[in-house]
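Here is the structure we will look at, set down as structure tokens.
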Amino acid sequence: MHSSYKKVSGMTAEIKLRRCYGCGTTLQSLDRYEPGYVSPARSKNDEGLCDRCFKLRNPGDTSSQTITPAYSHMIEKGLADHALFCYVLDAFSLDSSAVPSLSSMIAKGRVVALINKVDLLPSNVSVAELKEGVNFRLKMQGIDPVGIYMTSMDDDSAMAHLRDFLDEKRDGTDVYLIGSLRVGKSTLVNNFLKFYTNSTDRAITRENLGTPDDELIVTAIPLDGSSTLYDTPGVFLSSSLANQIDRRTLKYILPRTKVANRPFKLKPNEGLALGGLSFLLQTAGPRDQIEFYFSSDVEIKRIPAVHAGDEFTALVQNSKIYPISQTIRDADALESKHIEVPADNQEHVISIVGFGRLRLVGAGQSFDFFVPKGVDVIFYQ
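So for the sequence shown, numbering that gives the first Met the number 0 puts the first residue at 0; every next one is plus one.
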């Protein structure tokens, strides 16, 4: 077996054996037909995974899924086996995480909510407020979770104890890791595996949980001698902007750092372009402050309400705003959603699903939101 080595001084060299944290095989880059092979294209990334395990955890375009008969078959099997469903939710974008069709399927089963990306939340959002939001959305979809677990992209402590949480809740059964596309499930699984110890004689594999005629391939991670954690494909949610946008643009709308409040004051006949992906106009109400919570990579620019569509199109086509997408080249690619806010002096939230949200105090405002066709805009009383 060949292994890489590291020169540690001018006179001596030390053989440094590194093992794949997925299968335990010694990593090597000399023989692609031997276990532990890492291709040259990936060798610089230092991911700690051989090519085989990397492909198991990163199935590429097959990682997205609609609710097909094969997916329904998988869920029905999990329900029949009294498995635990681990519903992965994006803390910053709960509205694009809880998929109504998926929620209705698992509502009769045992469900835990795993809230991911907690570290990206604005500083003024408390843990209690987050849990309240999760419980509210899930119960609206018929789910009463038996547990809630929070984790962050860089929280090693939470990831190290996730296995204990799942073992406590699953009661010896299988676990199905489910959720919408773009909630960070693949990254979460990779981080989980960094702390994973396989004490069984079973290997991490890919299995078909569909039918022979309608396959659904998932990653199967042994939990003990007879039970398994199944990492299932993310479910496509057409009402989410993050699920509609091209991959090149996606990295700019998904926050990578803590989201900060960006305040703007608007009055009727004023508008804002939200990157080259959406814009809004205030049509009624007083001049008042609105807090915007979007990825820091999304530029927000003022535009006049008169000829707003032309102004937005010019920004996009002249690359005067970022990010821009090849699928949204002008205002004709957008559709209007009207929102009216009551004059109740209460705090309200408006969510552009899979993109960002606004927070404001109700003073009788009205807005027209122009978003990609099919994307939802939700007003919370």
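Note that the Cβ used here is the ideal one computed from N, Cα and C, for glycine as well.
Return the Cβ separation of residue i and residue j in integer angstroms, given the expectation that the two are a contact with Cβ distance under 8 angstroms.
i    : j    : result
V370 : S277 : 5 angstroms
G361 : A283 : 12 angstroms between Cβ atoms; not a contact.
L208 : M73  : 4 angstroms
I244 : T312 : Going by Cβ atoms, the distance from I244 to T312 rounds to 18 angstroms, so no, they are not a contact pair.
Which of the three DSSP states, helix, strand or coil, is assigned to residue i?
i    : result
S324 : strand
P39  : helix
Y379 : strand
N344 : coil
S102 : helix
H81  : coil
K184 : helix
P371 : strand
C19  : coil
D50  : helix
I164 : One point to set straight first is that residue 164 is Phe, not Ile, in the sequence displayed. Residue state, collapsed to three classes: helix.
L333 : strand
M152 : coil
Y229 : strand
T248 : helix
K381 : As displayed, the chain neither begins before 0 nor continues past 380, which places residue 381 out of reach and without an answer.
L240 : helix
K107 : coil
Y195 : coil
G308 : helix
Which residues does DSSP list as the beta-bridge partners of residue i?
i    : result
K76  : Per DSSP, none; premise fails for K76.
R205 : T218
Y292 : R356
L253 : The partner list for L253 (beta bridge, DSSP) is empty, contrary to what the question assumes.
Q281 : E269 and F366
E339 : S365
N115 : D89
D170 : D170 is not bridged to any residue.
D287 : L265
Please say whether residue j and residue i have beta carbons closer to each other than 9 angstroms?
i    : j    : result
I177 : V234 : yes
D173 : L101 : no
L240 : V182 : no
I349 : Y379 : yes
D30  : S38  : no
L271 : I299 : yes
H337 : F366 : yes
S179 : S71  : no
V124 : M149 : no
L359 : D287 : yes
V110 : D80  : no
P221 : R201 : yes
L93  : R136 : yes
M152 : L119 : yes
L247 : S324 : The displayed chain sequence assigns Arg, not Leu, to residue 247. The answer is yes: Cβ separation under 9 angstroms.
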